[in-house]
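According to the numbering used here, the sequence shown is numbered sequentially starting from 6.
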Amino acid sequence: MSSTVTVRLNVNGVERALDVEPRLLLVHALRDQLGLTGTHVGCDTSNCGACTVHLNGESVKSCTVLAVQADGAEVTTIEGLGTEDNLHPMQEAFWNNHGLQCGFCTPGMIMSAVALLADSPDPTEAEVRQGLEGNLCRCTGYHNIVKSVLDAAGKLGEVAA
């Protein structure tokens, strides 16, 4: 018999109440209970960044956060950034600049990149590379990922001006 705790989250703008075991990781609550499978489980060790989401506006690896720790928080996943018909500028930049190959790391990369630009809207290439250090990609060699982030920064900068 396991005991559960009710956790209240605002996920992608929708208030949700979940009954979770106290040891359940946020990544599993998002994927298994809410069906938000864009948040990927890659390494289970917090090394790869595939599970990156925004928690109260901060980029976090959701495999390092218990669902109960997120009680009352605002969570944004890749599904909350844009839609198929209206991509977020970062999603569009990844698409246009071939910043993905197999796509497994892409949601985490995009979520980290959006947080990076929120903190540093006009980064240098070196700053982008440093800002994405916690996200691993086995396919791309990172060149087009960095190019995508810089492209999105330029487009977001134009919108802000």
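Beta carbons are placed, not taken as given, at the ideal position from N, Cα and C, and that holds for glycine.
| query | result |
| --- | --- |
| The segment 125-133 touching the segment 59-69, judged by at least three CB pairs closer than 8 Å | no |
| 8 Å Cβ cutoff met for L122 and L161 | yes |
| Helix, strand or coil at A78 [DSSP, three-state] | coil |
| Nearest candidate by alpha-carbon position, reference T145, set E97, C110, N52 and R36 | C110 |
| Sequence-distant residues of its chain with Cβ nearer than 7 Å to F99 (five each side left out) | L105, T111, I115 and S153 |
| Three or more C-beta pairs below 8 Å linking the segment 26-41 and the segment 73-83 | yes |
| Alpha-carbon to alpha-carbon, R13 and A55 | 24 Å |
| Among Y147, T69, S117 and R36, nearest to T50 - alpha-carbon criterion | T69 |
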